[in-house]
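*Asks:* Provided herewith is a single structure, encoded as structure tokens, for subsequent inquiry.
Protein chains in written order, with the numbering used here: chain A, 8 to 334; chain B, 7 to 321.
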């Protein structure tokens, strides 16, 4: 699309009447360069000042003992060595990995199912779409507080619903084993956002493809498996990467629900809601160990690159872009 | 949610993007398809009923927490702690709302939150469209490289810049001001620039080229030609940015120490630690905090969800 527009050969327009012909240094070409730079300059300033410079700074800090107040000394790789042996960091990583391995695939599957259902032409379709998107509009802190109360083992909503089905609900946030599933459950409530992206993809699939498969005798499952899934695969990849990035940086709800802002020593019962970024926040802003926190940031960043790299490697032969291009 | 709302404003997108240019198949697609066999039509009708049932069930599950929040906010403290749960209470304890609002300095925190959110919207829309114009509409050699950089930074996790950015702002003396939360929005954030760019690419080039031939400057074309036809993407980005600023917790937590500067996110969590067992007050505060976003959603959803369901045509 874009390419097509750009490719339209526009004859170099004559210099407008009344305008002196530019000559010398400021050629047409250079003028366009300057305009382009002019328009992207706010972002370039941000990129240098708020991304590249801070990144360089943090790389430097990660090799020092910088703590905001004291003097800064170069400590070599000792921050990284300390991290390797830090039991709390390992626990935080383990908890974070739980989100990546359990929450991300479950959310992906749930949002895909949502989108498939929303794509069926039923009465009140618009109402359903609105309703399923609604949890996205609840502020993070408000949903954390809502779920703290809804997950109350005795008087809460979740165990009340389970009680209707004669299931005795677990202790949720008061239990080391159930606190992370509680977080997963809460996040499944809000998968409408990813579902909307899938829905757009579903509506982009050409009906002719599905009809052709049907004529060839493909059943519903096989149409789903061999037409729908390949056509959606770029979006599945996109949502998977976005899911991994946000799971590895999970912060607000865990921090609020685990009581991080009360200055307590444990995030969630038995530190079971201590996620990587929650720990990084504590180290950086409560203990002021900026050097150590910077090293942690880089380790997390590299881990994200590895996880995303693995996803891309796994998906390279499975993601099918042509259905999109054809559209 | 009454059925009367069904056909009106809350319409969600029918096609992938309601943008100029070739769209996806329209709303009438499934109906226009004639079943090959009657038996298959019957099977499809059963499938449709099943989908309807599942969707209804899911919607009830999604709405229950909202109902729970609302009902809890109208109960006395004793009514909260009953087994089985009381879903209908009378009289309604509306006083929970006035109590909750007076316990947190609600009005000043609301004012702070509104101020931050509005400035964020202004900054995000201005910078996002401005930068995107340079990436989509000005034909200059650097723009492919710039767009590649933009995509790369879109994937860059915030965790890597969180701490050093704080140090930068502290060195500037901006801690305990709103500047660290506002100034970055005026420098553009990759995702919103991306959304604007995708939209701008679909505005037919001859329109801006004609203005260019008439001697219009790029700035004039941006402001007078491109922006006026970009209402859908502007409102989508505005809503997204508003929600993001309204909801933000980590930013205010790091940069705002003074309770007088706090936003509702911070005020609500402080309230939580002080009155943790007063769930009726907490739920009342949560309802009041959530309501503006729900209203914004319903007012803007016509454009809003079209903008989120963005285009993967990366060009």
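A virtual CB, placed ideally from N, CA and C, is assigned to each residue, including glycine. Remember, predicted model here, so these are calculated numbers, not experimental data.
#1: What does residue 49/A reach in chain E if we use C-beta pairs closer than 8 Å?
#2: Between residue 142/A and chain B, is any beta-carbon pair separated by less than 8 Å?
#3: Suppose contacts are defined by Cβ-Cβ distances below 8 Å. Is residue 70/B in contact with residue 152/A by that definition?
#4: If we count the other Cβ atoms within 10 Å of its Cβ and call it buried at 16 or more, is residue 95/A buried or exposed?
#5: Leaving aside the five residues before and after residue 103/B along the sequence, list all residues of the same chain whose C-beta is less than 6 Å from its C-beta, in chain order.
#6: What do you get for residue 5/A, buried or exposed, if any count of 16 or more other CB atoms within 10 angstroms of its CB means buried?
#7: Determine the chain B residues that contact residue 39/A at a beta-carbon separation under 9 Å, and present them in chain order.
#8: Mind checking whether the beta-carbon of residue 186/A lies closer than 7 Å to any heavy atom of the ligand NAD?
#9: Would you check if the distance between the CB atom of residue 42/A and the CB atom of residue 146/B is smaller than 8 Å?
#10: Going by alpha carbons, who is nearest to residue 46/A out of 241/B, 122/B and 203/B?
#11: Using only the alpha-carbon positions, how far apart do residue 111/B and residue 276/B sit?
#12: Name, please, each residue of chain A whose Cβ falls closer than 8 Å to the Cβ of residue 54/B.
#13: Is residue 118/A near residue 202/A, with beta carbons less than 8 Å apart?
#14: Select from 222/B, 210/B and 84/B the residue whose C-alpha is nearest the C-alpha of residue 236/B.
#15: Expressed to the nearest angstrom, what Euclidean distance is found between the alpha-carbon atoms of residue 219/A and residue 53/B?
#16: Taking 8 Å as the cut-off, decide whether the C-beta atoms of residue 78/A and residue 301/A are in contact.
#17: How do the segment 254-265 of chain A and the segment 131-151 of chain A stand: do at least 3 beta-carbon pairs fall below 8 Å, yes or no?
#18: For residue 80/A and residue 72/A, which I take to be in contact (beta-carbon distance under 8 Å), what is that distance rounded to the nearest angstrom?
#19: Counting only beta-carbon separations shorter than 8 Å, does residue 305/B have a partner in chain A?
#20: Compute the beta-carbon to beta-carbon distance between residue 133/B and residue 178/B, rounded to the nearest angstrom, for a pair I have assumed lies under 8 Å.
#21: Can you grab the Cα-Cα spacing for the pair residue 287/A / residue 274/A, in whole Å?
#22: Residue 196/A: buried (16+ other C-beta within 10 angstroms of its C-beta) or exposed?
#23: By the three-class DSSP mapping on this structure, what secondary structure does residue 33/B have?
#24: Just grab the DSSP bridge partners of residue 180/B for me.
#25: Output, in sequence order along the chain, the residues in the segment 227-241 of chain A whose CB is closer than 7 Å to any CB in chain B.
#26: Excluding the five sequence neighbours on either side, which residues of its own chain have a C-beta within less than 7 Å of the C-beta of residue 114/A, listed in chain order?
#27: With DSSP as the reference, please indicate the residues paired to residue 81/A in a beta bridge.
#28: Could you check what DSSP says for residue 129/A in three-state terms: helix, strand or coil?
#29: For residue 24/A, I'd like the list of residues in its chain whose CB is within less than 7 Å of its CB, leaving aside the five on either flank, ordered along the chain.
#30: If you run the structure through DSSP and keep just helix, strand and coil, what is residue 159/A?
#31: Just to confirm my understanding: we take residue 89/B, look at its own chain, exclude 5 residues before and 5 after, and list those with CB closer than 6 Å. What are they?
#32: Go through its chain and collect everything with a Cβ distance to residue 208/A's Cβ below 6 Å, but skip five positions before and after it.
#33: Are the Cβ atoms of residue 283/B and residue 75/B separated by less than 8 Å?
#34: Identify the contact partners of residue 295/B in chain A, using a Cβ-Cβ distance below 8 Å as the criterion.
#35: Please classify residue 59/B as buried or exposed, where buried requires at least 16 neighbouring CB atoms within 10 angstroms.
#36: Is the shortest distance between the beta-carbon of residue 295/A and the beta-carbons of chain B less than 8 Å?
*Replies:* Result, derived from the coordinates:
#1: Absent here is chain E; the protein component of the structure consists of chains A and B.
#2: Taking Cβ atoms only, chain B reaches closer than 8 Å to residue 142/A, which makes this a yes.
#3: no
#4: Per the 10 Å Cβ criterion, exposed.
#5: 290
#6: The structure shown has nothing for residue 5/A, since chain A only spans 8 to 334.
#7: 144, 145, 146, 147 and 224
#8: Because no ligand of any kind appears in the structure shown, any question about the ligand NAD cannot be addressed here.
#9: yes
#10: Minimum Cα-Cα distance from residue 46/A among the listed residues 241/B, 122/B and 203/B corresponds to 203/B.
#11: 11 Å
#12: 127, 128 and 129
#13: Yes; because the gap between Cβ atoms is below 8 Å, this pair is in contact.
#14: Its Cα nearest to that of residue 236/B, the residue 210/B stands out among 222/B, 210/B and 84/B.
#15: 20 Å
#16: no
#17: yes
#18: 5 Å
#19: no
#20: No, residue 133/B and residue 178/B are not in contact; Cβ-Cβ is about 19 Å, not under 8 Å.
#21: 13 Å
#22: Buried.
#23: The predicted model places residue 33/B with a pLDDT of 39, which falls under 50 and marks its position as unreliable; any figure quoted below should be read in that light. The answer is coil: DSSP assigns residue 33/B none of H, G, I, E or B.
#24: According to DSSP, residue 180/B bridges with nothing at all.
#25: 241
#26: 194, 195, 198, 201 and 250
#27: 71/A
#28: coil
#29: Caution applies to residue 24/A, whose pLDDT of 44 falls short of 50 and renders its modelled position unreliable; the value that the coordinates give is listed next. Around residue 24/A: no qualifying Cβ.
#30: coil
#31: Contacts found: none.
#32: Cβ neighbours of residue 208/A beyond the five flanking positions: 239 and 242.
#33: It is not a contact, given that the beta carbons lie outside the stated cut-off.
#34: 146, 148 and 149
#35: exposed
#36: no
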